[in-house]
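See below for the structure under consideration.
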Amino acid sequence: MCLAHIFYYTYITCGEVLKNAFGYSAAQVIHHNFIILMFHLASMSLICFLSYKIYPLKILRVKLALLLYLFYLHHTF
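Number 148 in the numbering used here belongs to position 44 of the sequence shown; there are no gaps in the numbering.
Right, here's the structure in full:
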């Protein structure tokens with residue numbers, strides 16, 4: 105559920121940045137948001153499918169480990 109805030113930020117704030125800083129048209133911003141939505145839909149569908157096969161708390165543990173690893177990589181560079 106924490107990712108909902110990231111996608112809100114991506115849709116609302118980044119749309120304005122794309123229009124103002126990079127000169128995207130409204131159609132290009134909508135296309136950009138559609139691509140982000142497809143990635144989000146695919147990842148949520150994969151997690152739903154995996155939850156039928158794997159215990160959901162194990163999935164959350166792996167997601168947490170990946171998140172911590174990404175934070176570690178981000179702060180080391």
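Yeah, the Cβ is synthetic: ideal placement off N, Cα and C, and Gly gets one too.
Note that this is a predicted model, so its numbers are computed, not measured.
Taking the CA atoms as reference points, L122 sits about 6 Å from Y128. Per DSSP, reduced to three states, the secondary structure at I163 is helical. Per DSSP, I134 is one residue of the alpha helix (DSSP H) stretching across A130 to K157.
It is roughly 28 Å from the alpha-carbon of I139 to the alpha-carbon of H179.
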